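Asker:
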Amino acid sequence: MTWMDRLGLFGPLDIAGLALLFGGWFLIGWRIEALGGRRPSVSILMAEYRREWMRMMVSRQTRMFDAQVLSTLRQGASFFASATMIAIGGGLALVGNAERLQGVASDLTMTSDPIFVWEVKLLVTLFLLSNAFLKFVWSHRLFGYCAILIAAVPNEADDPSAFPRASKAAEVNITAARSFNRGLRSVYFALASAAWLVGAWPLVLTTLVTLAVLWRREFASQSRAILTQQTDGLGYTQT
């Protein structure tokens, strides 16, 4: 059986669902990270708070608080990297035992697709999980770089190198957070892609649900409303 024959095993709805999955993954990521929009995402709003964090850090005599926050961020990246590695191992094990998966999936879908079809569906999920793993690992490393940059910031606020180094630390911190968020989005879409094992329509449905969840959390959530509230000089919300 040639590659063209194998590709013919997937129907138009399968191709459309796959295009929606990867197209939605790319477009929602672009929209979330877009700068200069009239409605910035939570990620963009939090980037400004990260810059403000580094500016406040310059005048903070004891930086144990900053170290603890960075440690928490690194632990989160480490946890998700470990979790995705375990998931990748499980997915590879399923690819090696696709015959068993074929039997279970056939009972659910009432179809008898060749093993190649199930392997391709699993590989799509594994691709997204692998991308998430790489993003989490890089995020973990960047948070470590940020910790070193913070340690290199002078304790005297009037030192000419203090705020420029703090600015570098902020940008590295933002880049680490961006990589972490990209890893999370890959996990979301990996979960959506798993529905393809049941059929093309479940893939389309779960992809649309994933897009709706991401859109709400970034552009219509209560946390975003809190971040965009106007505050007075003492930090209290104006009514």
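If you're matching positions, the sequence shown starts at 14 in our numbering and goes up one per residue.
For glycine and all other residues, C-beta sits at the position ideal for the given N, C-alpha and C.
Note that the coordinates shown come from a computational prediction; the quantities given were computed from them, not determined experimentally.
1. Cα-Cα, which of Ile-161, Val-185, Val-108, Leu-48 is closest to Val-130?
2. Return the first residue and the last residue of the alpha helix (DSSP H) that Ala-170 is part of.
3. Quick one, which of Trp-38, Leu-26, Met-70, Lys-148 has its alpha-carbon nearest Val-226's?
4. Going by beta-carbon coordinates alone, are Phe-156 and Ala-189 separated by less than 8 Å?
5. Using a Cβ-Cβ cutoff of less than 7 Å, which residues in the same chain neighbour Phe-93 once the five nearest sequence positions on both sides are dropped?
6. Helix or strand or just coil, what does DSSP make of Ser-54?
7. Secondary structure at Asn-186, three-state DSSP: helix, strand or coil?
8. Measuring straight from C-alpha to C-alpha, what distance separates Val-200 and Phe-232?
9. Just reading off the alpha helix (DSSP H) that Phe-156 is part of, what are its end residues?
10. Would DSSP call Gln-251 helix, strand or coil?
11. Let me confirm a value: Gly-50 is counted as buried when at least 16 other C-beta atoms fall within 10 Å, else exposed. Which label applies?
Answerer: Looking at the coordinates:
1. For the purposes of this step, residue 130 is taken as the residue at position 117 of the sequence shown. Of the candidates Ile-161, Val-185, Val-108, Leu-48, the one whose C-alpha sits nearest the C-alpha of Val-130 is Val-108.
2. Locating residue 170 in the sequence shown gives position 157, where the first residue counts as 1. Neither: Ala-170 is in no alpha helix (DSSP H) and is coded neither H nor E.
3. Numbered from 1 along the sequence shown, position 213 holds the residue referred to as residue 226. Here the closest residue by C-alpha is Trp-38.
4. On the sequence shown, position 143 is the one that residue 156 refers to. On the sequence shown, position 176 is the one that residue 189 refers to. Yes, Cβ-Cβ distance for Phe-156 and Ala-189 is below 8 Å.
5. In the sequence shown, residue 93 corresponds to position 80, counting from 1. Cβ neighbours of Phe-93 beyond the five flanking positions: Phe-149, Gly-196.
6. Counting from one through the sequence shown, the residue named residue 54 turns up at place 41. Ser-54 falls in the coil class under three-state DSSP.
7. As a first step, residue 186 is located in the sequence shown; it is residue number 173 there, counting from the start. Asn-186 falls in the helix class under three-state DSSP.
8. The residue you call residue 200 lines up with position 187 of the sequence shown. The residue you call residue 232 lines up with position 219 of the sequence shown. So the two alpha carbons sit approximately 20 Å from each other.
9. The residue you call residue 156 lines up with position 143 of the sequence shown. It spans 128-164 - the alpha helix (DSSP H) in which Phe-156 sits, taken as one unbroken run.
10. Reading the sequence shown from its first residue, position 238 is the one you call residue 251. Confidence in Gln-251 is poor, its pLDDT being 47 and thus under 50, which makes the residue's placement too unreliable to answer from.
11. Stepping through the sequence shown from its first residue, residue 50 is reached at position 37. Under this definition Gly-50 is an exposed residue.
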